[in-house]
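Inspection log for the structure reproduced underneath, given as structure tokens.
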Amino acid sequence: MSNTVHILDHPLIHHKLAILRDERTGTREFRAVTSEIAALMCYEATRDMPTREVEVKTPLGIAHCKTLAGKKVAIVPILRAGLGMVDGMLSMLPSAKVGHIGLYRDPDTFAPVEYYCKMPPDISEREAIIIDPMLATGGSASAAAQFLKGYGCRHIRMMNILAAPEGIERMQREHPDVDIYVAAVDERLNEHGYIVPGLGDAGDRIFGTK
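Numbering (numbering that gives the first Met the number 0), first residue to last: 0 to 209.
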């Protein structure tokens with residue numbers, strides 16, 4: 000079984016991604032556009048969620064409507080850059096709960112190092128969407144998916160703004176049951192493990208720390 004990679008080919012996402020890539024984009028705009036892209040991607044990434052028929056009384060009669068059915072959702076950002084996508088996701092899924100996974104990448108080995116993990120108590124009963132602007136080496140993404148499986152999660156999706164082929168290949172190898180939703184797949188990783196052409200360090204640009 001191999002996971003599916005969904006490249007979200009939408010004009011609004013393309014337009015906003017161009018703004019993120021631009022080195023002239025300042026922190027305030029970068030943060031806002033990251034959130035906007037997350038909301039647009041959330042719309043696409045939840046397209047196959049199950050619904051159920053309900054009847055709603057309107058001022059003029061009865062309407063036959065659809066509401067979300069099945070599992071509730073948990074949004075799980077990988078700290079710290081993933082925080083930049085949370086508000087956009089919650090604007091679309093306001094009843095979702097939010098877990099947090101703190102990982103940083105060892106600058107020498109590129110291996111993920113955990114420093115924090117906090118989940119909603121009912122995380123195993125929810126459909127989890129891991130969010131992180133960048134899927135680079137795939138180390139943090141793979142570790143995050145493994146943490147969630149350790150909590151009993153059986154329905155996990157991954158949502159990234161940019162991905163490198165190397166990160167996608169690692170997720171397909173280590174977590175073939177986790178579908179991936181990305182705005183774009185770039186050329187490659189450089190020797191420092193950054194996506195090329197990419198958009199720089201997403202965390203630094205979101206929080207203005209560099």
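Glycine is no exception: its CB is placed at the ideal position from the N, C-alpha and C atoms.
Per DSSP, residue 164 is one residue of the alpha helix (DSSP H) stretching across 164 to 173. The secondary-structure analysis by DSSP pairs residue 76 across a beta bridge with 130. Taken through DSSP and simplified to helix, strand or coil, residue 180 comes out as strand. For the pair residue 205 and residue 30, the CB atoms are nearer than the 8 angstroms cut-off. Distance between residue 136 and residue 166, taken at the CA atoms: about 4 angstroms. With a 10 Å radius around the Cβ and a threshold of 16 neighbouring Cβ atoms, residue 17 comes out exposed.
Between residue 95 and residue 88 the beta-carbon gap is near 7 angstroms, inside 8 angstroms, which marks them as a contact.
In the three-state reduction of the DSSP assignment, residue 204 falls in the helix class.
For residue 5, the enclosing beta strand (DSSP E) covers residues 4 to 6.
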